[in-house]
Amino acid sequence: MKKESIQRRISAIILVMLLVFSSLSPVGSAAVYATENANTTDAVKTKATTFASADPTTDLAVPEGQARLLTGDENIADEDALVLTIVGDGFTVDEQDKFFEYAQNTADYIMNTSPWDEFTKNVKIYGIGVASNESGVRGSTATSVAEAEADTLDTYFQSSYWMYGTERIVYIDEYGEEKLNGLMAKYCPESEFQIMLVNCEKPGGAGGSQYCVFSIDPDVYECAVHELGHTVGDLADEYWASTYATGTYANISTESDPEKVSWSRFIGKNGIGVYEHSGNGAGYYRPSQNCKMQYLGEDYELCEVCKEQMRKKISEFSNIATLSFQTYADKFYVNTDGTGTDMRQYFILRQGASTITGDQLSEDEFTLTYTDEHGQTVDGIPDEYGNYTITAEFAGNDTYDSCSLEADYFISYPNFIDLDVDSKTYDGNPIDVDYSISTLEEGTYDVEVSYTGTVDNAYSVSYDSNKAPYLSGDYTVTVTAKDKTTGEILTQKSKDFSIDRKVTAITYNNDYEYPGASPDINNKTFVIVGEGFTAAEQEKFEELAKQFVNRILDTEPFKELQSYFNFSSVETVSEKSGIGTTAGGTYFYASYDENGTIVPDYYGSAAASSTAYYDVEPWYQNAIVIVNDSNVKESVSSYDDRIIYCTPDEAGADYAARAILNYLTYEDSTYVPQSDEEKAAQKADLLEYSIYYEYGLDYSPILCDAYKADFVENGSPVDIKDYIHTYIGRTEVPSDVMDYNIVYYTDDNGSVGTELSKAPSKAGTYHAFVETVANDGYDWGEEYDHYTEPARIVDLTSMDLGERYIAKSRNWTTFTIKPAVVDEEEQKRLEKIEKIKNVKATVTLSTADVKQ
C-alpha cells in the first residue's frame, strides 16, 4: 500500500526542475558509487552480459541493426556535424515503436527550441533502438536505496533510480556505460553526446559530461533541452550554485559588479542582470531569473547568456560555417545627424572553434543589404524610425566557408529621454519613475507616461494604465513626448521593471557549515501564502503565518526536529477581502461551498505552487494557503497534498501540521495515527523517507527531546546528552559511539539569550545547541577534493550497517528546570524539628549564663 501511495504522489508532481544533483559531475563518478554498492546477483549480470555482448545484428540487441536518422541533413557528413544519439533502456523488442516515438518527439522538440533552431545544418540526431529482456527501470517502485539495489530487473543498460540515495536520479553504472560506449563505437562512432530514455513515466534523470539519462515522464522534452545545456553547452544550473562554484561557467560568477561580469553586454536585455543565488549559492551570481537552466516549462527559454554559450558550443562541435546576429542589450535610435548605425559589428561568424565579427571582415567578402518593413531596399544604412531586415552574405575565405543570414532589428525615435525606474519588492506603494527630457524646447511638447504588463495572480491579469502599478508583477513603463500642435511623437523610451512579492523567512535553518543543512538534503521548506487578504490586511496575514508556524513546530514529531524545517511567508494581495462562494477577485481564485468547505481553483493551485517554487525554494515541500474568511469551516488538501488550504484559526494550523506530516511520510492527507505504535511508526517513516539522506555520507538527523524531561532543580548541572538521538534511516545509532558538542543558553522571552559556560543547574527555561563531533573527513578522491566534508566514522557492522560516515549535523532544543518542591507534611516536620533545636539551644545558653 505504501509503495502505491509513493508512486501516486510522486507521479503527480510537476517536474519543474530536473533533480537535486542532476548535473553534479561527470557520470564517471556515478559509476564508482553504483559499482561499489550494487546488489545485483552474478546470475543476472551474466545473463545481461551474454545478451548484450553478442553481435547486435544477429541477436536483436539493436533490432534494426543500424542507427536511424531522426533529424538533420543526411547529405552532411557525421564528422562535420554535432551528432547526438538517442538510445533507450527498458524497452523490449515489442516496445521499439514506443521508443522511437519518444525519440522522434524528443529530437523534434530539441530542434524547435532556441537556439537549436538556428543550427539545423549543424546538428544530426540519430536514434538507436536497443532491446531489453524486461520492460521498465530498476528501482522505479523502490522506497529506499536498499530496495533499488535489490531490484534485478533485466534491462540492457541496467539503468536505475536512487543514485546517491536520491530517488529521482536515474543513472547507469560502469557496466551500462561500457555497453553504451560499445554501441556508439559500432553504430554511431561520430556521436559526441548521448541521450538515454528509460522506459518509466516516473519523473527522474541525470546529466553528465558525455550523456544524460531521463525517464519518459511528460516533461521529458523539457528535461532534454535543460540537460543538453549541461552536456553540450557546459552550462551551470541556475537554481543553485553547488559544485559549479569550483569551476568556470558562462552563466555563473563570483562577481557582482554589472560592469565586470562576463555577461555585462547583455545586461538590460530580456531580463538579464546580476542575481545572487540563494542558500548555499550566496556569493555566486547568475544572469537571469527566468532561464530554462533554472525552470522547466515551455514558458521559459534559455536566457540570452545561455543561448550565446550554446551557439558557441554547437559551432565548436561542428565544422559548418554559421552566422549569428547578436545585438546584446544595445538599442537603436534615430540619430539627429542623419547617420545610421552600421550593423556589421553585431554579426558573429563561427566555424568550429574559430570566431570573428562582421566588422573585422572586408566589405568585399561580407556584405549587408537593408530592407524596410515594406520590403523596399534601403540606400545605405537606415537612419529613420521603423523595423528593418538585414540580409548578410559571406563569400567565404581560407578559414570560413560561405554562408548567409537574414535578421531583423528596430530603430526607435530619437533618444532625448533619461529614464530611471528600479525594480522593487512589494511594499504597498506605486513604483517610482524618474525621467528628464533634453534637447526639446520647453513648452512645445506634452509628456505621456504609460504602464503595461502583467499583474501576478492565478490568471496573470494584463495591466495597461497611465497609473503606476503597486501590485507584484512584470511591467514596462513608456515615456512619450509629443508635439503640442501636431501630436507627432518626438521622442520615446521604455524600460522594464518588476515588483516582486514580499518574502519573509519565519524560520530559516540552512547552515552550510553542516553538509546536510540545506533544503536539497535534510531541511524541508514550507511556504505560507494568503488568500483573500487585501493590501490593507497584509500585516494580519503575516501575524497569522507566524502563529501557524509556531503551532506546527510545537507539535510532535516536529518539535524535536525543529532545525530541519524552514517556513517562509509570501505576501499575495487580493482585490477583495475574503473569498465568497464565487471564484474571482482573489489571488488564487478560491471559493467555498454551502458547507463552508474551501473549493480550490485549478490554476489557483498551480499559482500557489509556482509562488512557492519561484519566490522561496525549488525544493519546497508544501504551499500552505491561509484563507481569510470566517465563513470557511473546513480545510482541504489539493492536488495530492502539495497545496494545503486552511481555515484562519488553530484548527487550520492543526490541519496543516497533520497534512505536512502525512505528505512527508507518504500517507493520505486524512490519515491520523491512533495508537502509540502507529505514531512511532509514522515518526520513523518521517526520519527515513524525509529527514535522513544518503549521498556518500550519511546526512543523519539529530533528535532532541529534552523538552519532555521532568528536570527539577537539585543543585547539580542538567546534562541533556541522554535526550539526544542520531538516526541512520529509522535506525538509531548507539549513543556510546556518538560524541556531541552541547552549548547552553538562557531564555529571553522565548528566544535564545546569553550563552552559558556550562550546563545550567538553576530553575528556568533554557536553550541548547547540539552538534555531532566529526573525527575525520570523507575523501571523495582527488577529482572531487572540494567534497571533503567533516564526518564521524562509525563502525556499525554489528547492526548490519557496515562502516558509516555520519556527516556533521546539528539541532536546537528547549527545556525547563523546575524549582525544587518539598512535600508539605515533610516541610512541617522539618520546621518543627528546627524549632525544637532552637529551643534547646536557648535553654542551654540560659543555663550557662546562670552558672557564670
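-7 is the number of the first residue of the sequence shown in this note's numbering; add one for each residue after it.
Heads up, the beta-carbon is just placed ideally off N, CA and C, and yes, glycines get one too.
It should be emphasised that the depicted structure is a prediction, and the values quoted were computed from it without experimental measurement.
Three-state class that DSSP yields for residue i in the structure shown
i, result
"residue 343", "strand"
"residue 32", "Any reading at residue 32 must be qualified, since the residue scores a pLDDT of 28, below 50, and its modelled position is unreliable; the value itself is stated next. Residue 32: coil per DSSP, three-state reduction."
"residue 431", "coil"
"residue 546", "coil"
"residue 350", "helix"
"residue 256", "helix"
"residue 518", "strand"
"residue 156", "helix"
"residue 667", "coil"
"residue 369", "strand"
"residue 473", "strand"
"residue 442", "strand"
"residue 535", "helix"
"residue 338", "helix"
"residue 821", "helix"
"residue 49", "With a pLDDT of 39 at residue 49, under the threshold of 50, the modelled position of that residue is not reliable, and the figure given next carries that caveat. Residue state, collapsed to three classes: helix."
"residue 281", "coil"
CB of residue i within 9 Å of CB of residue j, strictly
i, j, result
"residue 481", "residue 405", "yes"
"residue 694", "residue 762", "yes"
"residue 153", "residue 164", "no"
"residue 696", "residue 540", "no"
"residue 232", "residue 507", "no"
"residue 250", "residue 259", "yes"
"residue 119", "residue 62", "yes"
"residue 150", "residue 81", "yes"
"residue 468", "residue 443", "yes"
"residue 189", "residue 317", "no"
"residue 116", "residue 78", "no"
"residue 145", "residue 168", "no"
"residue 360", "residue 344", "no"
"residue 288", "residue 214", "yes"
"residue 216", "residue 227", "no"
"residue 680", "residue 634", "no"
"residue 88", "residue 121", "yes"
Length of the line joining the Cα atoms of residue i and residue j
i, j, result
"residue 803", "residue 598", "34 Å"
"residue 495", "residue 563", "7 Å"
"residue 542", "residue 559", "10 Å"
"residue 824", "residue 753", "29 Å"
"residue 175", "residue 202", "14 Å"
"residue 828", "residue 709", "34 Å"
"residue 630", "residue 593", "9 Å"
"residue 489", "residue 606", "17 Å"
"residue 158", "residue 112", "36 Å"
"residue 626", "residue 590", "6 Å"
"residue 448", "residue 600", "11 Å"
"residue 515", "residue 529", "31 Å"
"residue 59", "residue 184", "14 Å"
"residue 85", "residue 147", "11 Å"
"residue 855", "residue 492", "In the structure displayed, the chain extends from -7 to 844; residue 855 sits before or after that span and is not available."
"residue 357", "residue 387", "5 Å"
Counted within 10 angstroms of its Cβ, other Cβ atoms place residue i as buried (16 or more) or exposed
i, result
"residue 561", "buried"
"residue 374", "buried"
"residue 821", "exposed"
"residue 230", "buried"
"residue 412", "exposed"
"residue 218", "buried"
"residue 504", "exposed"
"residue 330", "exposed"
"residue 640", "buried"
"residue 279", "buried"
"residue 110", "buried"
Distance cut-off 8 Å: residue i Cβ against heavy atoms of the ligand MN
i, result
"residue 433", "Although the ligand MN was asked about, the structure shown includes no ligands whatsoever."
| Contained beta strand (DSSP E) runs [length at least 3] in the stretch 747 to 801, N- to C-terminal order | 756 to 764, 768 to 770, 781 to 788 and 794 to 799
| said: Could you tell me which whole alpha helix (DSSP H) segments of length 4 or greater appear in the stretch 170 to 237? | reply: 212 to 223
| request: Just list the beta strand (DSSP E) runs in the stretch 285 to 319, keeping only unbroken ones of 3 residues or longer that don't cross its boundaries, in chain order. | output: 314 to 317
| query | Going along the chain, which unbroken runs of the alpha helix (DSSP H) with 4 or more residues stay wholly within the stretch 392 to 428? | reply | none
| task | Let me know the beta strand (DSSP E) ranges lying completely inside the stretch 596 to 677, each 3 residues or longer, listed in chain order. | result | Counting only runs of 3 or more, we get 612 to 619, 628 to 630 and 635 to 638.
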